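Protein chains in written order, with our numbering: chain A, 126 to 400; chain B, 67 to 390. No residue lacks a Cβ here, since even glycine has one placed at the ideal position from N, Cα and C. Nothing here was measured: the structure is a model prediction, and the numbers come from that model.
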Amino acid sequence: MIKRIGTICLMVMLAAVLIAVGCKGTKNKNTASEEAGGKPQYASKGDEGTITGKISYDGPAPELKKIDMSQDANCAGSSGDKTADDILVADGKLANVFVYLKGGPVDKFSFPTPSDPVTLDQQGCRYHPRVIGIQTNQPFKVTNSDSTTHNIHPSPKVNQEWNQMQAQGAPPIEKKFPRPETLIPVKCNQHPWMKANIGVLAHPYFAVSAKDGTYTIKNVPPGTYTLVFWHETKGEQTQQVTIAAKESKTQDITYKAGATAGATSMQIGPTLVLP
Amino acid sequence: MTDIKARPVNDTPNRGLHRLAIILCCMTVALLIAGALVTSNEAGDSVPDWPLSFGRWLIRSNNFIANVRYEYSHRFIAGLVGFTTLALAVWAYFAERRDWMRRLGLIAFAGVVAQGMIGGMRVWFPEYKALIAVPHALVAQSFFAVAVSIVVFTSRSWWLPREMKSDEKGLALRTLTGTTVLAVQIQLVLGAGFRHQAFGIAPHIVGAVVVSVLIAITVATVVRRHRENSYLARPAKFVIALLIVQLGLGIGAYLARLTSAGEPQPLEPMISLTVAHLVVGALTLAMVVTLMLRCHQVLAPARQPGSSSVESHKIHSAASGSAV
């Protein structure tokens, strides 16, 4: 009887491990096939245009919420801001909006991958910057400027999830995201207020709005696109835009104070997504 | 059902084993609290490796900070519960003469090992957080129910001679209490599903209504039929008291969660209310399990019409344990 119980337990555990490993394997396989899918390389004709704009915030600037860093003396004692930076509004302009192009020529061509890394730094127990854009397979570097240990944990849906510790003074962590994904939340599970977002695109036509709400997307091939504006808490908005040869276009947008992003864990219905 | 009268049984309860089972139950409650603190503080992935923590069994004090405190404490208490369960299983195996009790000890140990493995998988495969965390919660509560059962089976009250009565037909208490245990267990899983964002809140609210109705019917039936029998009436009254507290904590925890949804980090009172809600849920399960076991012990299945009916007779509790 004991032998039978033991055998059953062992079989259940093995089955669970195999299922989980199998699911992981499938994900990697998809990644590889995605990378193999070929599109013609974009060849510049020198007639590219520029999209610039300002992102406004209609309503009073939200009060910045205080972060309680007392759980970690190194964080509490660090210099720097101790307020949440999920909504940064200054003079009616909204920062940290990820702006990118969708459709048109950017979906028809492939674009060279930059070799210079995009860096996410941990300083004062916060991520800098809060929102970043990166191209697929572009090096992604995480540095720790703090005198404490962090763990970096992106939770993508189509890329491979990872969770890695980085101690004080540890060398940078280098990773790549092989599949386009907008956007990947990043969290430090040791310091739950530390959050960032990474927009991964197959092309270089994206920008993040600065503190004054401005953004610029340069070298845009002529064509008609959907211009997507994404904000962590205020959600997504889109505009149709057509860029003629060598045209510079201004595309401003306004976020209303009452707008919120989509579903959260407080929603009523089921949210389970099976792999 | 087996006939235990054919086998030798202990003449007296094993008090040492009973005390160890009580210690195990208390440690399991502490473990449940630690687990709830991990979830409520979003600390589940704060230690990225397993079974070691930052490459060590005992972490350095400078690593024991922020959310790591919750995750590492959870792992540490889990280890203590594992060793205590092993001790209990070994003790039961050599000291117990009831075969099914020896098996129960081994089941408890298998459960704690499986639970540790599931917890490890939760760390190894963070992308399947909800899919692994919900079974982790289910096994946790099931293990607690098994530990409570061992306490009941080794208790002195279980061994006292009791008058056995025939369970009434229709709404048989043996069936009703069993259904209630199952419903509470499902409800605890739905609650875990909500906390781990596998489900929305709706299934948990529906579950709360179903469980409340079932508990109300069960308690009303027990009190109506066995008012004078404190062996059954007392746990029934505890269950209804726990249910009232649990409903209040559930509403409070949800409202606190709603109001703190925009905060940069988990805050009080959401954390404490959620932890208390989980613990009272576990205690409710413990109490309905106790009630179910006692009903199975002292209530014989209802007789079919035409068969000879025995109103009541004295039984030895140890023998009745075989029916569970």
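Please give the ranges of any alpha helix (DSSP H) in the segment 237–313 of chain A, keeping only runs that are unbroken, at least 4 residues long and fully inside the region. Here no run is fully enclosed.
Cα-Cα separation between L349/B and T385/A, rounded to whole angstroms: In the second sequence, the residue the question calls residue 349/B occupies position 283. In the first sequence, the residue the question calls residue 385/A occupies position 260. Near 39 Å, if we compare the C-alpha coordinates of T385/A and L349/B.
Starting from G324/A, follow its DSSP beta bridges and name the residues at the other end. Start at 1 with the first residue of the first sequence, and residue 324/A comes out as number 199. As computed with DSSP, G324/A is found in a beta bridge with G258/A.
How many Å lie between V214/B and A155/B at the Cα? On the second sequence, residue 214/B is found 148 positions in, with the first residue counted as 1. On the second sequence, residue 155/B is found 89 positions in, with the first residue counted as 1. In a straight line, the C-alpha of V214/B is about 14 Å away from that of A155/B.
My output table needs one value for E361/A: the three-state DSSP class, helix, strand or coil. Taking the first residue of the first sequence as 1, we reach residue 361/A at position 236. Three-state result, E361/A: strand.
Assign P279/A to one of two classes, buried (16 or more other C-beta atoms within 10 Å of its C-beta) or exposed (fewer than that). Counting from one through the first sequence, the residue named residue 279/A turns up at place 154. Flag for P279/A reads buried.
Measuring alpha carbon to alpha carbon, tell me which of V267/A, A382/A and G205/A ends up nearest V311/A. For the purposes of this step, residue 311/A is identified with residue 186 of the first sequence, where counting begins at 1. Among V267/A, A382/A and G205/A, the Cα nearest to that of V311/A belongs to V267/A.
When you check each C-beta in the segment 293–321 of chain A against every C-beta of chain B, which residues fall closer than 7 Å? Residues of the segment 293–321 of chain A whose Cβ lies closer than 7 Å to any Cβ of chain B, in chain order: N314, Q315, H316, P317 and W318.
Expressed to the nearest angstrom, what Euclidean distance is found between the alpha-carbon atoms of W123/B and G145/B? Locating residue 123/B in the second sequence gives position 57, counting from the first residue. Locating residue 145/B in the second sequence gives position 79, counting from the first residue. Approximately 11 Å between the Cα atoms of the pair.
Please report the distance separating the alpha-carbon of T150/B from that of I173/B. The residue given as residue 150/B occupies position 84 in the second sequence. The residue given as residue 173/B occupies position 107 in the second sequence. Between T150/B and I173/B, the alpha-carbon positions lie close to 14 Å from each other.
Please report the straight-line C-alpha distance between K231/B and R240/B, rounded to a whole angstrom. Residue numbering aside, residue 231/B sits at position 165 when the second sequence is read from its first letter. Residue numbering aside, residue 240/B sits at position 174 when the second sequence is read from its first letter. K231/B and R240/B have their C-alpha atoms some 12 Å from each other.
Can you check whether the CB of T175/A is closer than 9 Å to the CB of T341/A? Numbered from its first residue, the first sequence carries residue 341/A at position 216. Numbered from its first residue, the first sequence carries residue 175/A at position 50. Taking C-beta atoms as the reference points, T341/A and T175/A count as a pair closer than 9 Å.
For the alpha helix (DSSP H) holding T341/A, just list the boundary residues, first then last. Against the first sequence, residue 341/A aligns to sequence position 216. DSSP places T341/A outside any alpha helix (DSSP H); the residue lies instead in the beta strand (DSSP E), whose first and last residues are T339 to V345.
Report back the beta-carbon spacing between A153/B and M167/B to the nearest angstrom; my notes put them in contact at under 8 Å. The residue labelled residue 153/B in the question sits at position 87 within the second sequence. The residue labelled residue 167/B in the question sits at position 101 within the second sequence. About 15 Å separates the two Cβ atoms, so there is no contact after all.
Closer than 9 Å to chain A by CB, N133/B: For the purposes of this step, residue 133/B is taken as the residue at position 67 of the second sequence. Yes, because at least one Cβ of chain A sits closer than 9 Å to the Cβ of N133/B.
Output yes or no for whether 9 Å exceeds the beta carbon distance between V255/B and I281/B. For this step, residue 255/B is matched to residue 189 along the second sequence. For this step, residue 281/B is matched to residue 215 along the second sequence. For V255/B and I281/B, no; Cβs fall outside 9 Å.
Hey, is I393/A's beta-carbon within less than 9 Å of any beta-carbon in chain B? Translated into positions along the first sequence, residue 393/A becomes position 268. Low per-residue confidence applies at I393/A: pLDDT is 49, beneath 50, and the placement is therefore not dependable enough to give any value.
Among L308/A, K371/A and T358/A, which has the Cα closest to the Cα of Y182/A? Taking the first residue of the first sequence as 1, we reach residue 182/A at position 57. Of the listed residues, the one whose Cα sits closest to Y182/A is T358/A.
Along chain A, which residues have their Cβ under 7 Å away from the Cβ of Q331/B? Taking the first residue of the second sequence as 1, we reach residue 331/B at position 265. Per Cβ cutoff of 7 Å: I192, D193, P317 and W318.
Can you check whether the C-beta of T274/A is within less than 9 Å of a C-beta belonging to chain B? The residue you call residue 274/A lines up with position 149 of the first sequence. T274/A counts as touching chain B.
Report the option in A186/A, Q291/A, E299/A and L352/A whose CA atom is closest to the CA atom of D241/A. Within the first sequence, the letter at position 116 stands for residue 241/A. Nearest of A186/A, Q291/A, E299/A and L352/A to D241/A, Cα basis: E299/A.
Every unbroken alpha helix (DSSP H) within the segment 155–212 of chain A, with a cutoff of 4 residues, ordered by chain: Under the rule that a run must span 4 or more residues, the alpha helix (DSSP H) segments found entirely inside the segment 155–212 of chain A read 198–201.
Below 9 Å between beta carbons: does that hold for G182/B and P79/B? Locating residue 182/B in the second sequence gives position 116, where the first residue counts as 1. Locating residue 79/B in the second sequence gives position 13, where the first residue counts as 1. No, they are not a contact pair.
Rounded to whole angstroms, what's the CA-CA distance from H356/A to V222/A? Just pull it up for me. In the first sequence, counting from the first residue as 1, residue 356/A sits at position 231. In the first sequence, counting from the first residue as 1, residue 222/A sits at position 97. Whole-angstrom Cα-Cα distance: 5 Å.
Along the segment 192–214 of chain A, what residues have a CB closer than 9 Å to any CB found in chain B? Residues I192, D193, M194, Q196, D197, A198, N199, C200, T208, A209, D210 and D211.
Count the other CB atoms, across all protein chains shown, that sit within 10 Å of the CB of F160/B; report buried if there are 16 or more and exposed otherwise. As a first step, residue 160/B must be located in the second sequence, where it is residue number 94. Its Cβ having fewer than 16 others within 10 Å, F160/B is exposed.
For E377/B, which residues from the same chain have a beta carbon less than 8 Å from its beta carbon, with the 5 sequence-adjacent residues on both sides left out? Along the second sequence, one-based indexing puts residue 377/B at 311. For E377/B, the pLDDT reaches just 44, beneath the cut-off of 50, and the residue's location in the model is therefore unreliable, leaving the point undetermined.
With DSSP run on the structure shown, which of helix, strand or coil describes M319/A? Taking the first residue of the first sequence as position 1, residue 319/A is located at position 194. Three-state result, M319/A: coil.
Three-state secondary structure assigned by DSSP to G383/A: In the first sequence, the residue the question calls residue 383/A occupies position 258. Three-state DSSP puts G383/A in coil, outside helix and strand.
By the 7 Å beta-carbon criterion, what residues does the segment 99–120 of chain B contribute toward chain A? So the list reads N107, E108, A109, G110, D111, S112, P114 and F120, given in the order they occur along the chain.
Anything in chain A within Cβ reach of E396/B, meaning under 7 Å, just list it in chain order. The structure shown has nothing for residue 396/B, since chain B only spans 67 to 390.
Whole alpha helix (DSSP H) elements within the segment 145–208 of chain B, 4-residue minimum: Note on the segment 145–208 of chain B: whole alpha helix (DSSP H) runs with a minimum of 4 residues are 165–190, in chain order.
Say whether the segment 246–255 of chain A touches the segment 206–223 of chain A, bearing in mind that this needs 3 or more beta-carbon pairs closer than 8 Å, one atom from each stretch. Remark: three or more beta-carbon pairs, one from each stretch, lie closer than 8 Å, so the segment 246–255 of chain A and the segment 206–223 of chain A are flagged as touching.
For a quick check, are the C-beta atoms of S278/B and L309/B less than 9 Å apart? If you number the second sequence from 1, residue 278/B lands on position 212. If you number the second sequence from 1, residue 309/B lands on position 243. Their beta carbons are under 9 Å apart, which means S278/B touches L309/B by this criterion.
Would I88/B pass as a contact of V345/B if the rule is Cβ separation under 9 Å? Sequence index remark: in the second sequence, residue 88/B carries index 22 (1-based). Sequence index remark: in the second sequence, residue 345/B carries index 279 (1-based). Going by C-beta atoms, I88/B is not nearer than 9 Å to V345/B.
What is the rounded straight-line gap between the Cα of R188/B and the Cα of D197/A? Within the second sequence, numbered from 1, the residue matching residue 188/B stands at position 122. Within the first sequence, numbered from 1, the residue matching residue 197/A stands at position 72. When rounded, the separation of the alpha-carbon atoms in R188/B and D197/A is 25 Å.
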